[in-house]
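Undergrad: Going down the list, the protein sequences come from chains A and B. Going by numbering that gives the first Met the number 0, the letters in the first sequence line up with residues 0 to 248, in that order. Going by numbering that gives the first Met the number 0, the letters in the second sequence line up with residues 0 to 321, in that order. Ideal Cβ placement from N, Cα and C applies to all residues, glycine included. Questions regarding the structure given below will be posed in turn.
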Amino acid sequence: MKILVCISNVPDTTTKIKIAEGNASIDTAGIQWVINPWDELSLTRALELRDDQSTGIKSVTVAHVGPAISEPTIRKALAIGADDAIRVNAESADAYFVAEQLAEAIKKEQFDIIMCGIESSDYNGSVVGGMVAEFLGIPSVSAASAINFEGGVPVITRDIDGGKEIINVPVPFVAIVQKGIAKEPRIAAMRGIMMARTKPIKTLEPVAIEPLTQIVSFEKPAPRSACKFVDAANPGQLIDLLRNEAKVI
Amino acid sequence: MSVLVYTENWDGKFKKLSFELVSYASAVAKMLNTSVTALSIGNVGDDELKKLGNYGAQKILSAHNDQLAVLDNQAYTSVIAEIAGKENASVVIISNNNTGKALAPRLSVRLKAGVGSGVSKLPLSTDPFTVYKRAYSGNAFAHVVIKSGIKILTLAQNSFDLLETPNNAVLEKAEVKVDASFIKTKVKDVNKQTGKILLTDADIVVSGGRGMKSPDNWGPLVELADALGAATACSRPVSDEGWRTHEEHTGQTGKIIAPNLYIAVGISGATQHLAGVSSSKYIVAINTDKDAPIFEAAQYGIVGDAMKILPQLVMALKEIKK
Ligand SMILES: Cc1cc2nc3c(=O)[nH]c(=O)nc-3n(C[C@H](O)[C@H](O)[C@H](O)COP(=O)(O)OP(=O)(O)OC[C@H]3O[C@@H](n4cnc5c(N)ncnc54)[C@H](O)[C@@H]3O)c2cc1C
């Protein structure tokens, strides 16, 4: 069996987002790009499953849609332990565009489990994984917080409102993963970084497809009013403010 | 033309989120000068279905089929897509909860409809169809034009006020064919939280961070939550340490919530934490460090020791209730 992990690269999560002149994009000057946090966890789980002989998983491939400049992110995934990588050489236009590129790349090879993060921390779309599954016409499991193997068969835990379901779906399927899927993201060791240099990255040219959405502008969140401090000697006053001023309790 | 809203049910019941969705759909329909059809899938009684009419649905379709007892993303997508076609829907509205996140993207491909995900306001314009959504985990908002003929919007929970516009909705059974062989999802086991206010549903949330110092100190925090009818939450290190369950973890990599009131106790207010709570209407911070970044996000604050403050807040609440 083979796993494909889809990764996107996003600004480091501590980045102070600045909007560029004209408001059409964000100012990328000085931004550190990292693997999207959920994708990092997803990759970690994929590697754990591969390293466990009993699962029968032979390899983990990472796939990314992005221009050559995002190759360091792919190398990082290879350094963490992925076996090889696919890069579709295109600037991401929207989620639909990215998902179709991934689906086309996946059709060229045989993967049993395709893993996507539940959200990318930049666009917060939560749609690419489900779209890939629909383009491929295969099952998807969303909000997956665990993937295990029982008797050679994947067993997935998915979160539903107010609980969890343990389910089976036949391979191939897309798992859209979230918190819980792995404990801590695996980090690259020196040896991994050395080895990553020679691991193959296959570059594919994009298929022609029209995006369905377009970001026309960004704005900053409205500033919040200044904090009103209540004296620690009289916390009851807070209750009074919440009741009579904010009217939220 | 119509606006189609998918209203999920929980054991045959709707909840506030369902009515928010219908309220939102009605407001969108008004902008487009059209009507709202609500679609329910599963076994829901007529009285419950009729409640959707109170928020502006003109037509309520109920698709009930034993094959649909389990959420199978492909089967549900087929049903919703079929109804969207029959109803000639130009906008399809779904929640941005786990179910919505599972279905909206599949529907997008099926209907070749662009998705505005996690919208928290009415569309900014209908021509071009422009929506307002969170980006960069709450550090920015984007104006997104959806160019396709059909549009899908997933609505962020707790972001739209209920709007009662009662009307005499027509109730209809939607005949849907689902072949058993088509259902790929097999549920082996279900594990449900019962009797607790769900964090994502809650109007008020009391949340603890590392400043609570030890898992043994949570008593007064839970007491405050109980007194307020609130759900409890925590920061990531707290759930990582196993002080509280993972279900309570809020923030960028945990749950994203938008209650009316979020009380952060002993939480420093890291960007990644705020990413999950910044849409709360009011944030209250209780922290010993007056320079903690959480105070920049808060409207009310107390600089002080949580262990001393929490019991006094509980007392003050009890005084009022007397
Ligand atoms: C990729 C990534 C994703 C992340 N995702 C999340 C996420 O989803 N959610 C999340 O929460 N974090 C997340 N983090 C971690 C985040 O950066 C912070 O480390 C974390 O939020 C800090 O938790 P805290 O506020 O509980 O603890 P601390 O930062 O240690 O703050 C504790 C606070 O308690 C105060 N305090 C101490 N004693 C008392 C007392 N007696 N009474 C009152 N106050 C007291 C202190 O002044 C301090 O402000 C993420 C980090 C990364 C890198």
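(1) Is Gly162 of chain A close to chain B, meaning its C-beta is less than 7 Å from at least one C-beta of that chain?
(2) Could you tell me which residues DSSP puts in a beta bridge with Ala232 of chain B?
(3) Who are the Cβ neighbours of Gln271 of chain B in its own chain at under 6 Å, not counting the five residues just before and after it?
(4) Less than 7 Å between C-beta atoms, sequence neighbours within five positions excluded: which residues of the same chain meet that for Glu204 of chain A?
(5) Check whether chain B comes within 7 Å of Ser58 of chain A, counting only Cβ atoms and requiring the distance to be less than that.
(6) Curious, which full-length alpha helix (DSSP H) runs of at least 4 residues does the stretch 49-112 of chain B contain?
(7) In the DSSP assignment, the beta strand (DSSP E) including Met114 of chain A goes from what residue to what residue?
(8) Should Ser277 of chain B be labelled buried (16 or more other beta-carbon atoms within 10 Å of its own) or exposed?
(9) By the criterion of Cβ-Cβ separation under 9 Å, what are the contact partners of Thr270 of chain B in chain A?
(10) Where Ser94 of chain B and Ile256 of chain B are concerned, what is the direct C-alpha to C-alpha distance, given to the nearest angstrom?
(11) Using only CA atoms, which one of B:Asp126, B:Ala83 and B:Gln156 lies nearest to Val143 of chain B?
(12) Among the candidates A:Lys227, A:Ala143, A:Ala232 and A:Met193, whose CA atom is the shortest distance from the CA of Ala76 of chain A?
(13) Run through the stretch 107-194 of chain A for me and flag every whole alpha helix (DSSP H) of 4 or more residues, listed as ranges in chain order.
(14) How would you write the range of the beta strand (DSSP E) that His142 of chain B sits in, first residue to last?
(15) Between Pro234 of chain A and chain B, is any beta-carbon pair separated by less than 7 Å?
(16) Suppose the cutoff is 6 Å on Cβ atoms and the five residues either side in sequence are ignored; what does the same chain contact list for Ile208 of chain A look like?
(17) Short of 7 Å in beta carbon distance, which residues of its chain neighbour Gly179 of chain A, apart from the five on each side in sequence? Order them along the chain.
(18) When a residue counts only if its C-beta is closer than 5 Å to some heavy atom of ligand 1, which residues count, in chain order?
(19) Are Met114 of chain A and Ser41 of chain A touching if we call contact CB-CB under 7 Å?
(20) Short check: CB of Gly124 of chain A to CB of Val173 of chain A, under 7 Å?
(21) For Asn286 of chain B, count the other beta carbons within 10 Å of its own beta carbon; 16 or more makes it buried, fewer makes it exposed. Which is it?
(22) Are the C-beta atoms of Cys226 of chain A and some chain B residue less than 7 Å apart?
(23) Roughly how far, in whole angstroms, is the beta-carbon of Pro165 of chain B from the beta-carbon of Val27 of chain B, given that I think they are within contact range, below 8 Å?
(24) With H, G and I counted as helix, E and B as strand and the rest as coil, what does DSSP make of Gly44 of chain B?
(25) Met189 of chain A touches chain B at which residues, Cβ-Cβ below 9 Å?
(26) For Tyr75 of chain B, would you say it is in contact with chain A, using Cβ-to-Cβ distances shorter than 7 Å as the test?
(27) Among B:Val90, B:Asn97 and B:Asn157, which has the Cα closest to the Cα of Val126 of chain A?
(28) Quick one: give me the first and last residue of the beta strand (DSSP E) that Tyr23 of chain B is part of.
(29) Take every Cβ of the stretch 17-32 of chain A, pair it with every Cβ of the stretch 49-61 of chain A, and state whether three or more of those distances are shorter than 8 Å.
(30) According to DSSP, what are the bridge partners of Thr95 of chain A?
(31) Look at Ile175 of chain A and Ser141 of chain A and say whether their C-beta atoms are less than 7 Å apart.
(32) With contact counted as at least three CB pairs below 8 Å, one residue from each stretch, are the stretch 229-248 of chain B and the stretch 289-297 of chain B in contact?
(33) To the nearest angstrom, report how far apart Ile319 of chain B and Ile186 of chain A are at their CA atoms.
(34) Write down every uninterrupted run of the beta strand (DSSP E) in the stretch 55-79 of chain A whose length is 3 residues or greater and which is fully enclosed by it, in chain order.
(35) Restricting to Cα atoms, I'd like to know which of B:Tyr261, B:Ala173, B:Val175 and B:Gly218 is closest to Leu198 of chain B.
(36) So, does the CB of Asn167 of chain A fall closer than 7 Å to a CB anywhere in chain B?
TA: In this structure, then:
(1) Yes, contact with chain B.
(2) DSSP output for Ala232 of chain B lists B:Ser206 as bridge partner(s).
(3) Gly250 and Gln251, listed in sequence order.
(4) Excluding sequence neighbours, Glu204 of chain A sits near Asn88.
(5) Nearest CB-CB separation between Ser58 of chain A and chain B: not below the 7 Å threshold.
(6) Counting only runs of 4 or more, we get 72-85 and 97-110.
(7) Looking at the DSSP string, the run of the beta strand (DSSP E) that includes Met114 of chain A is Ile112 to Gly116.
(8) Under this definition Ser277 of chain B is a buried residue.
(9) Close to Thr270 of chain B, with beta-carbon spacing below 9 Å, are these residues of chain A in chain order: Thr12, Thr13, Thr14 and Lys15.
(10) Straight-line spacing of the CA atoms in Ser94 of chain B and Ile256 of chain B works out to 13 Å.
(11) Comparing Cα-Cα distances from Val143 of chain B to each of B:Asp126, B:Ala83 and B:Gln156, the minimum goes to B:Asp126.
(12) Among A:Lys227, A:Ala143, A:Ala232 and A:Met193, the Cα nearest to that of Ala76 of chain A is on A:Met193.
(13) Here the runs fully enclosed are 127-135.
(14) Boundaries of the beta strand (DSSP E) harbouring His142 of chain B: Ala139 to Ile145, taken from the DSSP string.
(15) True, the Cβ-Cβ gap to chain B drops below 7 Å.
(16) Excluding sequence neighbours, Ile208 of chain A sits near Phe96 and Glu99.
(17) Once the five neighbours on either side are set aside, the close Cβ partners of Gly179 of chain A are Ser144 and Ala145.
(18) Having a Cβ closer than 5 Å to some heavy atom of ligand 1 are A:Thr12, A:Pro36, B:Gly208, B:Arg209, B:Gly210, B:Ser234, B:Arg235, B:Pro236, B:Gly250, B:Gln251, B:Thr252, B:Gly253, B:Gly265, B:Ile266, B:Ser267, B:Ala269, B:Gln271, B:His272, B:Asn286, B:Thr287, B:Asp288, B:Ala291, B:Asp304 and B:Ala305.
(19) The Cβ-Cβ distance between Met114 of chain A and Ser41 of chain A falls below 7 Å.
(20) Not a contact, by the Cβ cut-off of 7 Å.
(21) Buried is the call here.
(22) Interface residue, yes.
(23) About 18 Å separates the two Cβ atoms, so there is no contact after all.
(24) The answer is coil: DSSP assigns Gly44 of chain B none of H, G, I, E or B.
(25) Those within 9 Å of Met189 of chain A in chain B number zero; the least Cβ separation is about 26 Å.
(26) For Tyr75 of chain B, the closest Cβ of chain A is not nearer than 7 Å.
(27) Answer by Cα proximity: B:Asn97.
(28) Element bounds for Tyr23 of chain B: not the beta strand (DSSP E) but the alpha helix (DSSP H), Lys15 to Leu31.
(29) Cβ pair count under 8 Å is below three, so no.
(30) At residue 95 of chain A the sequence reads Tyr, which differs from the Thr that was named. For Tyr95 of chain A, which the question treats as bridged, DSSP gives no partner whatsoever.
(31) Closer than 7 Å, so yes.
(32) The stretch 229-248 of chain B makes no contact with the stretch 289-297 of chain B; the number of CB pairs closer than 8 Å stays below 3.
(33) Cα-Cα distance, rounded: 52 Å.
(34) For the stretch 55-79 of chain A, whole beta strand (DSSP E) runs of length 3 or above, ordered along the chain, are 58-64.
(35) When C-alpha distances from Leu198 of chain B are compared across B:Tyr261, B:Ala173, B:Val175 and B:Gly218, the shortest belongs to B:Tyr261.
(36) For Asn167 of chain A, the closest Cβ of chain B is nearer than 7 Å.
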